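A.B. asks: Start counting the sequence shown at 78; every next residue gets the next number (my numbering). Here a beta-carbon is modelled for each residue, glycine too, at the ideal position from N, C-alpha and C. No experiment lies behind these values; they were computed from the predicted model shown. This structure is in structure tokens; I'll ask about it shortly.
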Amino acid sequence: MAGLSLKIEWTGLRELQDEFKTMNKRFNLILLDEMDKIGLSCEEYAKALSPRDSGDLENSIHSTQATVEGQSFVVYVGTNMEYATYVHELNNVRPVGDKYERGVKYPNYYIRGRGTGTCQKPNVKGYQPGRKFLQHAVILTDQHFETAMERALIRLFEGGS
């Protein structure tokens, strides 16, 4: 009786096993790099959308370097200015307000909660600079997240770091 046999041989299995041994470390390094880029994008949006009066708040916004916390890759974007939360959450319904700085009154400086410096800043992808600047920055950064993850996978499978 005639038969048919087929031999399937996987050459290079040892190399593949070696590749898998280094893949997890490379994957972590690549993802940390991509998360750093996401953090910088969010920082850029937050600065562009933050209110501008003296410029101190805008200049204080920064992102941290990405780290691994538990099973998550994390990057923080924020500011250490004490009044940042107040400005972020401000719900000013007054149409016009005065500004007081160093004993000087600037009448009608705030219009719908936004000062002259903030009003002069351009909109960013449909968002007005002013309150909720960090929240809006995160929303705008979300569109970069999927692209960054795709780049990370491509870099991983191409063998780069």
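Hey, could you find the ends of the alpha helix (DSSP H) Ser-137 is sitting in?
C.D. replies: Here residue 137 refers to the residue found at position 60 of the sequence shown. Unbroken alpha helix (DSSP H) run through Ser-137: 133-137.
A.B. asks: When the cut-off is 8 angstroms and only beta carbons count, does Glu-227 lie next to chain C?
C.D. replies: Absent from the structure: chain C. Only one protein chain is present.
A.B. asks: Should Ile-138 and Phe-222 be called a contact, given that it needs their Cβ atoms to be closer than 8 angstroms?
C.D. replies: Position 61 of the sequence shown, counted from the start, is the residue given in the question as residue 138. Position 145 of the sequence shown, counted from the start, is the residue given in the question as residue 222. No. Outside cutoff.
A.B. asks: In the DSSP assignment, find the beta strand (DSSP E) that holds Gly-174 and state where it starts and stops.
C.D. replies: Position 97 of the sequence shown, counted from the first residue, corresponds to residue 174. Note, Gly-174: beta strand (DSSP E), 173-178.
A.B. asks: Could you say if the stretch 215-234 and the stretch 138-147 meet the contact criterion of at least three C-beta pairs nearer than 8 angstroms?
C.D. replies: Too few Cβ pairs lie closer than 8 angstroms, so no.
A.B. asks: Contact defined as beta carbons within less than 8 angstroms: I believe Leu-134 pairs with Ser-127. What is the distance between those atoms, to the nearest angstrom?
C.D. replies: Here residue 134 refers to the residue found at position 57 when the sequence shown is read from its first residue. Here residue 127 refers to the residue found at position 50 when the sequence shown is read from its first residue. Sure, about 6 angstroms apart at Cβ, within 8 angstroms.
A.B. asks: Is it a yes or a no for the stretch 200-210 touching the stretch 97-106, going by three-plus beta-carbon pairs under 8 angstroms?
C.D. replies: These segments do not touch.
A.B. asks: To the nearest angstrom, how far is the alpha carbon of Gly-192 from that of Phe-210?
C.D. replies: Start at 1 with the first residue of the sequence shown, and residue 192 comes out as number 115. Start at 1 with the first residue of the sequence shown, and residue 210 comes out as number 133. Their Cα atoms are separated by approximately 14 angstroms.
A.B. asks: Which residues mark the beginning and the end of the alpha helix (DSSP H) in which Val-164 is found?
C.D. replies: To locate residue 164, count along the sequence shown from 1; it is residue 87. Looking at the DSSP string, the run of the alpha helix (DSSP H) that includes Val-164 is 161-166.
A.B. asks: Can you say whether Leu-230 is buried or exposed, counting buried as having 16 or more other CB atoms within 10 angstroms of its CB?
C.D. replies: Within the sequence shown, the letter at position 153 stands for residue 230. With fewer than 16 Cβ atoms within 10 Å of its Cβ, Leu-230 is classed as exposed.
A.B. asks: Which residue wins for smallest C-alpha separation from Thr-162, given the options Trp-87, Asp-113, Gln-212?
C.D. replies: Along the sequence shown, one-based indexing puts residue 162 at 85. The candidate whose alpha carbon is nearest that of Thr-162 is Gln-212.
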